[in-house]
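S.K.:
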Amino acid sequence: MRTNLIYRVLHNNKSVVASTNKEKGEMQYFPKEKVVTVVVFLCLTLFAVIFLGAPRTITNVSALDTEKVGVYWHSNCADTDRVFLIDWGTLNPGSIESIVVYIRNEVEEPIFLIMSPKNWAPSNASNYMTLRWDYNGRQVDPGEVLQIKLILFISAQIKGISNFSFDIYITGGQRLLGDVNGDGRVSSSDLILVFVNLGKSSEEFPGGDVNGDGRVSSSDAILVIINLGAGS
Ligand SMILES: [Ca+2]
Ligand SMILES: [Ca+2]
Numbered sequence: 012m013r014t015n016l017i018y019r020v021l022h023n024n025k026s027v028v029a030s031t032n033k034e035k036g037e038m039q040y041f042p043k044e045k046v047v048t049v050v051v052f053l054c055l056t057l058f059a060v061i062f063l064g065a066p067r068t069i070t071n072v073s074a075l076d077t078e079k080v081g082v083y084w085h086s087n088c089a090d091t092d093r094v095f096l097i098d099w100g101t102l103n104p105g106s107i108e109s110i111v112v113y114i115r116n117e118v119e120e121p122i123f124l125i126m127s128p129k130n131w132a133p134s135n136a137s138n139y140m141t142l143r144w145d146y147n148g149r150q151v152d153p154g155e156v157l158q159i160k161l162i163l164f165i166s167a168q169i170k171g172i173s174n175f176s177f178d179i180y181i182t183g184g185q186r187l188l189g190d191v192n193g194d195g196r197v198s199s200s201d202l203i204l205v206f207v208n209l210g211k212s213s214e215e216f217p218g219g220d221v222n223g224d225g226r227v228s229s230s231d232a233i234l235v236i237i238n239l240g241a242g243s
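So the number in this note's numbering is just where the residue sits in the sequence shown, counting from 1, plus 11.
(1) Give the DSSP-derived three-state secondary structure of A74 in the structure shown.
(2) Are N208 and E215 close, meaning C-beta to C-beta below 9 Å?
(3) Does the Cβ of S198 lie closer than 8 Å to at least one heavy atom of ligand 1?
(4) Mind checking whether the beta-carbon of R186 lies closer than 8 Å to any heavy atom of ligand 2?
(5) Give every residue whose Cβ lies closer than 5 Å to any heavy atom of ligand 1, listed in chain order.
(6) Is it buried or exposed, V227, if we count other Cβ atoms within 10 angstroms and call 16 or more buried?
(7) Could you check if V221 belongs to the surroundings of ligand 2, using beta carbon to heavy atom distance under 8 Å?
(8) With distances taken from CA atoms, which of K211, V191, P104 is nearest I236?
(9) Cβ of G240 versus every heavy atom of ligand 2: is any distance shorter than 8 Å?
(10) Taking I107 as part of the beta strand (DSSP E), name the residues at either end of that continuous run.
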């Protein structure tokens, strides 16, 4: 087995690194500059792997599933503009992506919008991503079009996932009492929205006026608390 012993010597008035082959008793000389370059490269690589980690990006596509509403890329809601698929592009951990769509009420009665993500693949992807929208909870009349921003939050702690998908289900229905953000269930997120919008009128933030008295107040927060956990 070949064993090398590395040590520094003075050779022809230049500092060099010498390698002694114990088996053959030969002395080999290497320029100091080359050895320093290799050592620096290895140190930088080690630093990058340990402290920066490998570059991480995530690709993602969402299919759109709708009932009672149509989702379009533009406000004129042409049939050729229907949104069937949302490509979120390349995402980075800790980033936020948003996409603007136009949602039209396509039934003959006023509705409230309900949106929920589903069919996460892999299933644990939902631990690291949150989908929200800026729908303010107002009633949507037949044929009326709302501009809505869908916002995807990617956790900085995401790991083990480089590619995933989920579907976005958007429908219309009756308002579930206390479901301020229109995700079909009453949760702490709804309570936070009420507190953030306290004092606003129902025109400014319709979803927060749970009891319909025209203003977002602590009474609405109480109703949300009473209904916590309702919905799917
Ligand atoms: Ca909710
Ligand atoms: Ca109220």
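Cβ coordinates follow ideal geometry from the N, Cα and C atoms, glycine included. Model, not experiment: these values are computed from the prediction.
M.R.: The answer reads as follows:
(1) strand
(2) yes
(3) yes
(4) no
(5) Taking each Cβ in turn, the ones that pass are D190, N192, D194, D201.
(6) Sixteen is the threshold: when 16 or more other Cβ atoms of the shown chains lie within 10 Å of the Cβ of V227, as they do, the residue is buried.
(7) Answer for V221: yes, Cβ within range of ligand 2.
(8) V191
(9) no
(10) 107-116 is the span of the beta strand (DSSP E), which, as asked, contains I107.
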